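Line by line, the protein sequences are chains V and W. For the numbering used here, add 27 to where a residue sits in the first sequence, where the first one is 1. For the numbering used here, add 9 to where a residue sits in the second sequence, where the first one is 1.
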Amino acid sequence: MKQDKILIGHGSGGKLMHQLIDEVFLSSFSNNINDTPSDSVILNYDDKMLAFTTDSYVVDPIFFPGGNIGKLAVCGTVNDLAVSGATPLWLSAGFILEEGFPVEDLKTIVRSMANEARNAGVKIVTGDTKVVAKGQCDKIFINTSGIGILDKKYSNISRGKNIQSGDLILINGYIADHGMTILKARELSHFTGNIESDCTCLNSLIKNVLNECEVHFMRDATRGGLATVAAEICHNKSFGLELDEESIPVNEVTRGFCEILGYDPLYVANEGKVVLVVAEKDAVKALEIMKNHELGMQTAIIGKITHEHAGIALLKTIIGGKRIIDMLAGEQLPRIC
Amino acid sequence: MKYIDEFRNKELINRLVEEIHHVSKQEIRLMEVCGGHTMAIQRFGIPSLLPENIKLLSGPGCPVCVTSRSYIDHLIALSKKEDVILTTYGDLIRVPGSSSTLEKERAKGRKVKIVYSVLDALQMARDNKDLKVVFAAIGFETTTPASASAILTAEKEQLKNFYILSAHKVMPPAMSALIDEGIRIDGYIAPGHVSTITGSHIYEPLAVTFKVGCVISGFEPVDLLKSILMLVKQKEENRPCVEIQYKRAVKIEGNLKAKALVEEIFTERDDWWRGLGILPNSGLSLKEKYSHYDAEKQFDAAIETLREDKGCICGEILKGIKNPKECKLFGKVCNPSDPVGACMVSNEGACHAYYRYRRLEL
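If you want it as structure tokens, here you go:
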């Protein structure tokens, strides 16, 4: 790495982070299991397949409209398992608490974790707590790990092995709500206009689609937003991808905040949005199934996999022009999850 | 969304594009000199809609991009002082100085804070009376009135710990300098926000002396295409003049109150522009009367600025002589996560916009 110090951008889900993973972590940790980047690793044990994932949560502020750090910690890990095609079952929860943190706040956070886990049908089965001196962490950090079981027929989803040109791309509703909610809570509390984080567990929605449709790939569009997922799907691949800006759902208020602050909603984080690559023949069916689910009422088909411009994601802009969609480089918004 | 959707109306866009194709016969080179325009043109994919004889160039319109390396070095030197909080617009923190960036200094624990407006910096000064808050005051006519107003507020409140390091610049000298150097520009897509302050008179000499048309444009696709059409018509009819497309925001006389405010606080000086060199009366410094807010005068800061990187052609890109893809460093050693030249740093820079949206010619 060219940098000799860690920068905020190393944690933002974009190019700097990929560089950090490749050059620092994988150069020491690499083995035959973690060789493909994906949301969860797929483990073979006898004839069973397990999905395993872990994630840490440091969002600031810890309470925000639509959720809190605890809800986020359950949803994020459940979603990482679900987008691999797995059924999430068990979670761990590790807490790092700052000396002086109010117990009442901790209780609120833990209750919403329990609530969210119950709704998602997962159990929190083990945990750990550490307390550090005042100033050595910011209020509360949470780590969750999760295990799910994976049906063999879904084992190619996490690596996107079956993606082919003609496949259609769907998303289950409004983008950019989480990132803009956090930004508003942190910097712009004096602005009127209500937005809420979309933070939610997506496993039941995903299960409905998987049961009926041929899904070739899924990813939750968290840090780096929809743009980063689009760029990653076709990075170094023999196919390209095209999104149609006009069909991408963005809530009016969120769009207003993005316009005022100069953010491109395509790059803003979500915590309850899944991008699906579905076989062309099943795309309309998937659309209907998702629209019938409470978390997918605004679902839209937003693009397709192409055999042209291999490796490149393009956006057909709302005025009919074309441009490249690239991964986020460096910091867009710190500590959003 | 009101005031946005009307200006992204597809039917209107199609009509404008059709008319441009119909009217435009001659080769024409149009330059925008505003980072907001650079970004909007690329974000909406406007070049892909125009006929081949219309060439769009990005000029020195991004304040971050034209800021000198020694200014960044100066900010870094100030950030190293124990009692200083350095406040800056976000764009500036990744611009390379001679040996570091503000982002890297922040990682070392220096007090570098990103603010959305100079008002946030003022508030920081009120909240931290035991520290000195320095604001990196960059930008053209658009941001200068805010800096001026902050100085007046500080004066009124008797704030003793607020300073600015001014790199404010004025646009017309740069627009004239490019033509003076013999660069072929048939028309300027003139900056919308700058003009809300200055009004349209400042462009008259360009039209009269240099016979270069100027159309003050808004930032939405309909605005930009309409402005391009107006410039194409000027060229085809051989009548270079100043016109306002962005009438919903720009008045001929500009914003008189803001202009008076700037005049009260700042005075013109010769200033250095990346790629253009020193241009007479193109920068603004604080008047002597307000020198107690001037970080240049109130702090000792040892700075030694190295020469620009070899191979970096930001200068020629800012002049519109070359496009980013002609730079040897573009996309290889120089990319948004590790920029070499300033044009790659700010998301309003020509290289950044090209990298993000047009890396492959479509």
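Cβ atoms here follow ideal geometry from the backbone N, Cα and C, with glycine treated the same way. If you're wondering where the values come from, they're calculated on a predicted model, not measured in any experiment.
| Item | Value |
| --- | --- |
| Quick check: the segment 68 to 86 of chain V against the segment 162 to 172 of chain V, are at least 3 beta-carbon pairs closer than 8 Å? | yes |
| Would the beta-carbon of Gly-320 (chain W) fall within 7 Å of that of Leu-338 (chain W)? | yes |
| Can you check whether the C-beta of Pro-230 (chain W) is within less than 7 Å of a C-beta belonging to chain V? | yes |
| Taking just the CA atoms, how far does Ser-209 (chain W) sit from Val-236 (chain V)? | 58 Å |
| Rounding to the nearest angstrom, what Cα-Cα distance links Ile-123 (chain W) and Thr-97 (chain W) in this structure? | 5 Å |
| Taking any Cβ of chain V, which residues in the segment 317 to 349 of chain W have a Cβ under 8 Å from it, in chain order? | Asn-344, Pro-345, Ser-346 and Asp-347 |
| Ser-158 (chain W) and Leu-285 (chain W) look like a contact to me (Cβ under 8 Å); what is the Cβ gap, rounded to whole Å? | The Cβ separation is near 28 Å, so there is no contact. |
| Candidates V:Gly-206, V:Val-305 and V:Glu-214: which alpha carbon is nearest Ile-233 (chain V)'s? | V:Val-305 |
| Using the C-alpha atoms, what's the distance from Lys-211 (chain V) back to Phe-218 (chain V)? | 8 Å |
| What is the rounded straight-line gap between the Cα of Gly-358 (chain W) and the Cα of Cys-74 (chain W)? | 6 Å |
| Where do the ends of the alpha helix (DSSP H) carrying Tyr-80 (chain W) lie? | 78 to 88 |
| Between the beta-carbon of Ala-248 (chain V) and the beta-carbon of Lys-331 (chain V), is there less than 7 Å? | no |
| Hey, could you find the ends of the beta strand (DSSP E) Ala-145 (chain W) is sitting in? | 141 to 148 |
| Where does the unbroken alpha helix (DSSP H) through Ala-199 (chain W) begin, and where does it stop? | Segment 196 to 199 is the beta strand (DSSP E) holding Ala-199 (chain W); no alpha helix (DSSP H) there. |
| Using a Cβ-Cβ cut-off of 7 Å, state whether Tyr-299 (chain W) counts as contacting chain V. | no |
| If you measure beta-carbon to beta-carbon, which residues of the segment 55 to 80 of chain W are closer than 8 Å to chain V? | Ile-55, Pro-56, Ser-57 and Leu-58 |
| Could you give the residue range of the alpha helix (DSSP H) that holds Met-207 (chain V)? | 204 to 214 |
| Less than 7 Å between the beta carbons of Val-105 (chain V) and Arg-246 (chain V), yes or no? | no |
| Tell me the rounded alpha-carbon separation between Arg-78 (chain W) and Asn-23 (chain W). | 43 Å |
| Specify, as a first and last residue, the run of the alpha helix (DSSP H) that Arg-115 (chain W) falls within. | 111 to 116 |
| Cβ atoms of Ile-326 (chain W) and Cys-343 (chain W): under 7 Å apart, would you say? | no |
| What does the alpha-carbon distance come out to for the pair Cys-63 (chain V) and Ile-196 (chain V)? | The residue you asked about is not Cys; residue 63 (chain V) is Thr in the sequence shown. Going from the Cα of Thr-63 (chain V) to the Cα of Ile-196 (chain V) covers about 22 Å. |
| Which residues in chain V have a C-beta closer than 7 Å to the C-beta of Phe-53 (chain W)? List them in chain order. | Thr-344, Ile-346 and Gly-348 |
| Would you check if the distance between the CB atom of Ala-327 (chain V) and the CB atom of Ala-258 (chain V) is smaller than 7 Å? | no |
| Is Val-277 (chain V) helix, strand or coil when you go by DSSP? | coil |
| Drop a sphere of 10 angstroms on the beta-carbon of Tyr-364 (chain W), count the other beta-carbons inside from all chains shown, and report buried for 16 or more, exposed for fewer. | buried |
| Work out the CA separation of Pro-200 (chain W) and His-46 (chain W) for me, nearest whole Å. | 8 Å |
| Let me check you understand the geometry: is the CB of Ser-119 (chain V) closer than 6 Å to at least one non-hydrogen atom of the ligand PLP? | Annotation note on the ligand PLP: not contained in the displayed structure, which lists no ligands. |
| Please report how far the alpha carbon of Glu-400 (chain V) lies from the alpha carbon of His-334 (chain V), in whole angstroms. | Absent from the model: residue 400 (chain V). The displayed extent of chain V is 28 to 364, so no value can be given. |
| In the DSSP output, which residue or residues are listed as bridge partners for Lys-296 (chain W)? | Beta-bridge pairing links Lys-296 (chain W) to no other residue. |
| Can you find a C-beta in chain W that's less than 7 Å from the C-beta of Val-51 (chain V)? | no |
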